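Enquirer: Under UniProt numbering, the residue at position 434 of the sequence shown is numbered 434, and the numbers go up by one with no gaps.
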Amino acid sequence: MDHYPLQVSIPSVEVTRNVLRVRHTAYCIQLDDCGRLYARLRRYKNFLWLHGELQRRDLSCTLPVLPAKKVIRNLEPAFVERRRQGLENYLRALIRLPQVIQDDSLWSFLDADLATAFVPKFLCRPTDAAGTEKCLVQLERVVAKESNLFRLCNDAVLHSLIAFAEGEAHEVVSTVSPQGQAEKSLYVKLNCRLRYCTVLQSLIAHESARNGLMDGGIFSALISLLCKVSDDSQASLANDSASDEAHRSVTVSVVGCLQKLLEATHGVAMFHFCQQDDGFAALKRLAAPDAVSLHEVAASLVWRGLQNEEVVSVFAGNGARGFPLLGRLLQSEDLQARVLAGLCIACTVRHEGALDDLQREEALLALEGLPTDLDASEAEAIKRTAAMADVSADNLPSIRVDRDNALVSLLQSVCSVKALPRLRHLLGDASVVDAVTLYVVVLLDHFVVHAQHDLDHLSVMVPQLQRLLDVADCTDESTLRETQSRAGHVLIRLDLSKAETGEAPTLAAFRGRSKLLEVLSHESECRQVEANQRAELARGHHQRQCDHVDQGALTQKPCVDERRCAEFGSFLKHLGQTRVTLESKMGISQRAVECLHAGLEQRGFKHGILNSDLERLVQRIADQTTQESRSMLALVEAESCEARARDVANQVKVRTASRKEAEQLAREREDLVRKAERRSQECANREAELGDIRRNAPAQLVRCTAQLSECERKQQNIEVRGQQLAVESRENESRAVALQEASRESEAALHRISTLRAELVEFRDSLNSELILGEGEVEQLRQFESQLQHARPSRLKHGALVGVEGGEQAKAPVWDDTGAEQEYLNTPHFRSFMKLFVVREQLWEQEARWTKEQLSLVVSATNQLMRRQEAHAHEQRSVMEEIAHLRHDIQVLDDAEGHAHRLGEARTLAAEANEMVRICGIDSAEVVAQLQMETLNLERIRSEQREADSELEKAKKLANVETEMLLRVRKELDSQMSELEAKVRGDLHAWTTVELEQQRLSLLLLAVSSYLQEEAQCRKELRSQLQLLIAELSELDQQLDVPELS
């Protein structure tokens, strides 16, 4: 709890009244829960209840001391403050005691949220398993709401969670407890671990908490816990199914936390773990030979971690440090572990620069056996299905192969939408085929066989798989053929015809699909040959069995009647039954061989038809090249006509633009003519106006001079008012400064008086009498008197501060403390001093109120002066502008020569304007002629455009006819191709039935062999009994051979 941010304080106190109007004190408790504040009001009696409850609990700790109760004078401020500090210290001491944290009394007193209490309880959890489980149950309730996760993002909580996992991993199991108690303790611990994983998964989903856990080493702690769970499972005292199931549940939960951490951090957690000194050692422990159940877990964690390139570098760097671990997993008995280990090796191979040439060759060599392992698993599933009791030759096609569910689930995970980008990266550009390429394609092949449905997400891999079919060069021809064959299986099951759009496919698409059919057809021929060979071997084996039965007459009844040989009748009966069963099995085996041969012959016949259909389809695709060439020529011609039409249209646009420019130019010339005419008219008007000005200038000059004199007089009056305003402003500023100084002096005096009041209260409490004082008390009273200085405000000493209105000082407060001061000087005791103290306090308060009122009046007067100054400045600017304008007019009117000069210039400008009118008229006529020429050119180009559009329409019709014909043929080809692909898919699916029939025939032949051995053993026993019977009959014959009496 030392580092957990749970703080409690009592920052304030409230004095309230109850319903009976009795005053009491309530303490405001503020609880800071990781930055969120909660406030509660509690009285002292509530603290007494809490203390009493904790004492009754008999907790194994020493409780802090609660501040004592006080009945009288318990509302005094000093006492309340001391009690507030004591109660605050009391609460802070309580939340440091783990025993109090675990008790509910404290949290009931604080009325805290459940989540607020549960997290500290976990941090202070007891050491026994039952108490820990209770705290984890409470913590599960906290993480159930995302709004509570901020409490667990604290370092103290995260370190405690990590320490829990580490403690569980290194715990030593006690063996001295009774068996029943040990089993109960074991189940409690397993439940604790399950609940811990539930809490951890919620925190891993939270980014802040996840980062804190990862920095604290949660990945290493979980790996250690996983190893501990595995060891406990093997050494469990309760060796029953319930214990095994509980251990498996804990293992699954821990693995889920690790996988979720790797997915959320994109493998960064694995990188940090591998950087540790014992990181690889811990992973190797998961891959130990005696921990087969953890092999898949180790491989899965490494596979998820390798999504981070830095992890790949760590595994492949420093002499391939991770390869010994992957080598162990490749030798595991668990096929799922081997599959994932192969993917991990493929990641290192595909990581550029991770391995040198020798390491790369070794890695590729290690991958070569994995496709065989997967095929062997599929063959074992088929064999297991064929051995089912209800499997017969009639229902073989409808039988679902009994595959390994764990392997199917693994393939679904590896080939899921989320993991598919990694498989695409492993395939690369599909230009080079190696062991990695083959392995990935084999995984996809087995996945599509197992899944059968929901394969749409694999469509993104179709381009890479199709490129594999086009690879021609490879160092290993067998690898290339196997890769292309498996890629063909995947593509044909994806049903490429569904991926096509509504339009007919192109010839290039047909060529790719025909290449796929050729690859599958070649593989089908090879499989047909192998199947025929196996069928011939089975037929030969069956024929040898039949010859053996015929030669020995093993299906005939014994020549000895069992009624005459009752002694060994049971042997004869057994032999008869064996031979009857053998005859039945021979008949079944015969029918199976005939059925297999008939099926293979029928498949061969269908395969021949399929090959002929494929050849015809390929030939038709080749024939379509000519039709496509004609269509392309028609399209090229249409494009040529379209280009010519575009050129003509561009010319039309150019000519249209030229015509518009000409029209614009004509309009501009017309505008220039109109502007020139207006300019000529303006010059004529200006000439007439200047003539009028020259005639009327003397009268206007007299008028402007009179106006100028009037404006100058106004300006002098304005300057006088401005000086008066400046004086008023300075006086107002000095008054404001003095009032502010007086206000500060009043506030300082009141502050001293307030401070002195508290000291006087304490001094009064210490006095025995307020009237009779000792020397020390009198000296103390004089010190208090010195603190009351200054006795009067400075304005009374200087006499400079007056009121705002009228300058009368009568409105200021009158200072009259002479009587109280004289009384204190005559009789210096506490009561006279308090009277002087109260009088001066009232006088200073009046002084403070008066200065505030005067300051508000000064501010109002200042604002009014500012408005008057602004109006004065505006008036002054207006008069100055008017004076400047009048002086300019006088200067102009007083210039007679200037009038004559300006009149001459106006006449010259009028003549120039008339000349401009004439020139603009000529330009306008030239532009109109150019506009007519552009109009004629535009009509000619539009005629050419109509001809080009007509030719384009004809070319498009021809191209459409050719294209429609080509599309119709393509649709027919697509239909034929889809039918052929469907047949190939059916043929590929039927191979499973053939394999089932072959496995069934093999099992039948083995059964016949077994019955033959049993029949031979029966014959041997029967012959032995027969020899005994013959000896006994011979002895009987000798006994009966007695001569007759004569």
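Beta carbons are placed, not taken as given, at the ideal position from N, Cα and C, and that holds for glycine. As the structure is a computational prediction, the values presented were derived from the model and not from experiment.
Starting from Val15, follow the beta strand (DSSP E) in both directions and report where the run begins and ends.
Expert: Unbroken beta strand (DSSP E) run through Val15: Leu6 to Arg17.
Enquirer: Can you name the residues that DSSP bridges to Thr479?
Expert: Looking at the DSSP assignment, Thr479 forms no beta bridge with any residue, so it has no partner.
Enquirer: For the beta strand (DSSP E) that Arg29 lies in, which residues bound it at each end?
Expert: Going by the sequence as given, residue 29 is Ile instead of Arg. Unbroken beta strand (DSSP E) run through Ile29: Arg23 to Asp33.
Enquirer: What residue range is occupied by the uninterrupted alpha helix (DSSP H) comprising Arg877?
Expert: Its alpha helix (DSSP H) spans residues Phe830 to Leu893.
Enquirer: Do the CB positions of Ala955 and Glu637 come within less than 8 Å of each other?
Expert: A contact, by the Cβ cut-off of 8 Å.
Enquirer: Taking the beta strand (DSSP E) that Ala39 belongs to, which residues open and close that run?
Expert: Per DSSP, Ala39 belongs to the beta strand (DSSP E) from Arg36 to Arg42.
Enquirer: Going by DSSP, what residue range makes up the alpha helix (DSSP H) through His351?
Expert: Premise fails: His351 is in no alpha helix (DSSP H) and is neither H nor E.
Enquirer: Run through the region 190-262 for me and flag every whole alpha helix (DSSP H) of 4 or more residues, listed as ranges in chain order.
Expert: Segments of the alpha helix (DSSP H) lying fully in the region 190-262: 207-216 and 218-234.
Enquirer: Tell me the DSSP secondary structure of Trp107 in three-state form.
Expert: Three-state DSSP puts Trp107 in a helix.
Enquirer: For Val311, which residues in the same chain have their Cβ closer than 6 Å to its Cβ, ignoring the five residues on either side in sequence?
Expert: Excluding positions up to five away in sequence, the list reads Gly267, Met270, Phe271 and Gly305.
Enquirer: Can you give me the C-alpha to C-alpha distance between Phe837 and Trp844, rounded to a whole angstrom?
Expert: Roughly 11 Å separates the two Cα atoms.
Enquirer: Can you tell me whether Lys145 is buried or exposed, with buried defined as 16 or more other CB within 10 angstroms of its CB?
Expert: Lys145 is exposed by the Cβ-count criterion.
Enquirer: Would you identify the three-state DSSP class for Arg513, choosing helix, strand or coil?
Expert: The answer is helix: DSSP assigns Arg513 an H, G or I state.
Enquirer: Hey, how far is the Cα of Arg868 from the Cα of Ala736?
Expert: Roughly 19 Å between the two C-alpha positions.
Enquirer: Jot down the residue ranges of each uninterrupted alpha helix (DSSP H) in the region 415-448, minimum 4 residues, whole runs only, in chain order.
Expert: Listed in chain order, they are 420-427.
Enquirer: Could you tell me which of Phe122, Met834 and Val432 sits nearest to Thr479, measuring between CA atoms?
Expert: Of the listed residues, the one whose Cα sits closest to Thr479 is Val432.
Enquirer: Whole angstroms are fine: how far does the CA of Lys228 sit from the CA of Cys28?
Expert: Between Cys28 and Lys228, the C-alpha separation is close to 50 Å.
Enquirer: Below 8 Å on the Cβ atoms is my contact criterion, and I expect Arg840 with Asp817 to pass it. Report the Cβ-Cβ distance as a whole number of Å.
Expert: The pair is a contact, with the Cβ atoms about 6 Å apart (cut-off 8 Å).
Enquirer: Using the beta-carbon count (16 or more within 10 Å), is Ala922 buried or exposed?
Expert: With the sequence shown as reference, residue 922 is identified as Ile, and Ala is not the correct amino acid for it. Exposed is the call here.
Enquirer: Tell me whether Glu881 counts as near the ligand GTP, meaning its Cβ is closer than 7 Å to at least one heavy atom of that ligand.
Expert: Annotation note on the ligand GTP: not contained in the displayed structure, which lists no ligands.
Enquirer: Can you look up Glu935 in the DSSP assignment and give me helix, strand or coil?
Expert: Reading off the sequence shown, one finds Thr at residue 935, where the question assumed Glu. It is helical.
Enquirer: Would you call the region 189-197 and the region 248-266 touching, i.e. three or more CB-CB distances under 8 Å?
Expert: With the cut-off at 8 Å, the region 189-197 and the region 248-266 touch.
Enquirer: For the region 287-352, list the alpha helix (DSSP H) runs that are entirely contained and at least 4 residues long, ordered along the chain.
Expert: If we require 4 residues or more, the alpha helix (DSSP H) runs fully inside the region 287-352 come out as 295-305, 309-320, 323-330 and 335-350.
Enquirer: Quick one: measure Cβ to Cβ for Glu997 and Cys595, integer angstroms, because I've assumed they're closer than 8 Å.
Expert: The pair is a contact, with the Cβ atoms about 7 Å apart (cut-off 8 Å).
Enquirer: Which residue's Cα is closest to the Cα of Val691: Ala93, Ile204 and Gly898?
Expert: Inspection of the sequence shows that residue 691 is occupied by Gly rather than by Val. Taking only the C-alpha atoms, the option nearest Gly691 is Gly898.
Enquirer: Within 10 angstroms of its Cβ, does Pro11 collect 16 or more other Cβ (buried), or is it exposed?
Expert: The residue is exposed, with fewer than 16 neighbouring Cβ atoms inside 10 Å.
Enquirer: What is the C-beta distance between Asn148 and Ala115, in whole angstroms, given that I count them as a contact (C-beta under 8 Å)?
Expert: Contact holds; Cβ gap of about 4 Å.
Enquirer: Glu670 and Ser924 - do their beta-carbons sit closer together than 8 Å?
Expert: Yes, the Cβ-Cβ distance between Ser924 and Glu670 is below 8 Å.
Enquirer: Less than 7 Å between C-beta atoms, sequence neighbours within five positions excluded: which residues of the same chain meet that for Ala820?
Expert: Excluding residues within five positions, the ones whose Cβ falls inside 7 Å are Lys835, Leu836 and Val839.
Enquirer: Got a sec? Which residues, its chain only, sit under 8 Å from Arg902 by beta carbon, not counting five neighbours each side?
Expert: Leu690.
Enquirer: With three or more C-beta pairs closer than 8 Å as the rule, is the region 762-774 touching the region 821-829?
Expert: Yes, they touch.
Enquirer: Does the beta-carbon of Met461 have 16 or more other beta-carbons within 10 angstroms, so that it is buried, or is it exposed?
Expert: When all chains shown are included, Met461 counts as buried.
Enquirer: Measuring CB to CB, does Ile883 end up less than 8 Å from Gln715?
Expert: The answer is yes: Cβ separation under 8 Å.
Enquirer: From Cys920 to Glu661, what distance separates their C-alpha atoms?
Expert: Their Cα atoms are separated by approximately 18 Å.
Enquirer: Please state if the CB of Val8 and the CB of Arg83 are separated by a distance shorter than 8 Å.
Expert: Their beta carbons are not under 8 Å apart, which means Arg83 does not touch Val8 by this criterion.
Enquirer: Do Val414 and Leu443 come within 8 Å of each other at the CB atom, strictly closer than that value?
Expert: Going by C-beta atoms, Leu443 is nearer than 8 Å to Val414.
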